[in-house]
Amino acid sequence: MTHIRGRVWRGGKPQDDFDFSAISDYLADDDTLVWCDIYDPVHDTLEVLAEELGLNTWAVEDALAESERTKAVVYRTHTFFTVYAVTDGAADETLSTHRISAFVLPRGLITVRLSTEFDMEPVSQRFDELGGQEYGVGSLVHGLLDVVVDGHFDAVQKLDDEIESLEDDLFEDRSRRGDLQRRTYALRKELVQLRRVVLPMREVVNSTQHRRLDAKTAPELDPLYADLYDHVLRASEWTESLRDMITTVFETNLSLQDARLNMVMKKLTGWAAIIAVPTAITGFYGQNVLYPGIDSAEGFIVSTVLISILVVTLYVMFKKRDWL
Numbered sequence: 036m037t038h039i040r041g042r043v044w045r046g047g048k049p050q051d052d053f054d055f056s057a058i059s060d061y062l063a064d065d066d067t068l069v070w071c072d073i074y075d076p077v078h079d080t081l082e083v084l085a086e087e088l089g090l091n092t093w094a095v096e097d098a099l100a101e102s103e104r105t106k107a108v109v110y111r112t113h114t115f116f117t118v119y120a121v122t123d124g125a126a127d128e129t130l131s132t133h134r135i136s137a138f139v140l141p142r143g144l145i146t147v148r149l150s151t152e153f154d155m156e157p158v159s160q161r162f163d164e165l166g167g168q169e170y171g172v173g174s175l176v177h178g179l180l181d182v183v184v185d186g187h188f189d190a191v192q193k194l195d196d197e198i199e200s201l202e203d204d205l206f207e208d209r210s211r212r213g214d215l216q217r218r219t220y221a222l223r224k225e226l227v228q229l230r231r232v233v234l235p236m237r238e239v240v241n242s243t244q245h246r247r248l249d250a251k252t253a254p255e256l257d258p259l260y261a262d263l264y265d266h267v268l269r270a271s272e273w274t275e276s277l278r279d280m281i282t283t284v285f286e287t288n289l290s291l292q293d294a295r296l297n298m299v300m301k302k303l304t305g306w307a308a309i310i311a312v313p314t315a316i317t318g319f320y321g322q323n324v325l326y327p328g329i330d331s332a333e334g335f336i337v338s339t340v341l342i343s344i345l346v347v348t349l350y351v352m353f354k355k356r357d358w359l
């Protein structure tokens, strides 16, 4: 079932008379600004809206498609972009992504979401916090993208903390190696997913910043978009550094496993050599032939002393070479 909410501003002041059926009237009024949010949309609803507002057919199809990449496309009468908001995931996931598509019109912003899992209330609150609705639809677009980019920063910070926790556990002697490797693979997967939605945001911000849709797109918004673009760059660079960090953790874990295996092999080899001495001597004295010291206390004493001397000598040698 399609759910629709919206807000209207006249002369930069919020109103409480939003009516979905009157969107075309709002857009025709030079003094009116409108935001319409459509989630869990029905195809027919968007088709009717697209025909009424002159939206590009392919853009409408992209807004309804199950899987779309982060992008921005500029048409003659409007701009269409798709971004992904990132929130905390379920119990078995670190992060969860939620797609938001938007049609930017000269005096309106129409957002389309496929589910209600992402709460748009912070976006509406950001509109009020930023103010500046008198500057046109650019202020609404900035508010939406600002919330999305803030979510990216929180997600990157969370992954950074998780990777630092991995680094701390990496050199713990009693850390569970299987669990550490599983967490490393899980974080690499989450990081790849995050990079896919963070890196293309530069294209989206650039397209929306430089697209002058109407005379109300005031230069006062340029510093805000410049700051937003700087945040996007920082988030992108942060994800790149995290990729290097997780790769280092993964490679270091493999190196430590090899080092531990070599240490175990050295110890096993050393103890096997030590155990081989009494085995060889007692085996010699266990032969069914006559030899000096057979059936006498002197033979037992000689064999015992010989075993002790050789075992102690091998133990001291291996200990000095750090084999034991």
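Heads up, this note's numbering is the position in the sequence shown plus 35, with the first residue counted as 1.
All C-beta atoms in this analysis are idealised placements derived from N, C-alpha and C, irrespective of residue type, glycine included.
Just to confirm the assignment, what range does the beta strand (DSSP E) spanning residue 138 have?
130-140
Kindly indicate which three-state DSSP category residue 100 falls into: helix, strand or coil?
coil
I need the DSSP call for residue 119, collapsed to helix, strand or coil.
strand
Coarse secondary structure for residue 267, derived from DSSP in three states
helix
For residue 215, I'd like the list of residues in its chain whose CB is within less than 8 Å of its CB, leaving aside the five on either flank, ordered along the chain.
201, 204, 205 and 288
How do the segment 268-281 and the segment 231-246 stand: do at least 3 beta-carbon pairs fall below 8 Å, yes or no?
yes
By DSSP's criteria, residue 40 is part of a beta bridge. Which residues make up the other side?
72
Note down the Cα distance separating residue 247 from residue 257, rounded to an integer number of angstroms.
Note that residue 247 has pLDDT 48, beneath the 50 cutoff, so the model's placement of it is unreliable and the number below is only indicative. So the alpha carbons of these two residues sit roughly 11 Å apart.
Distance between residue 260 and residue 177 (C-alpha atoms, nearest Å):
7 Å
When you compare only the Cα positions, how much space is there between residue 281 and residue 108?
34 Å
State the beta-bridge partners of residue 108 as determined by DSSP.
115
Could you check whether residue 88 and residue 62 sit closer than 8 Å to each other, using their CB atoms as the reference points?
yes
Three CB pairs or more closer than 8 Å across the segment 136-150 and the segment 105-121
yes
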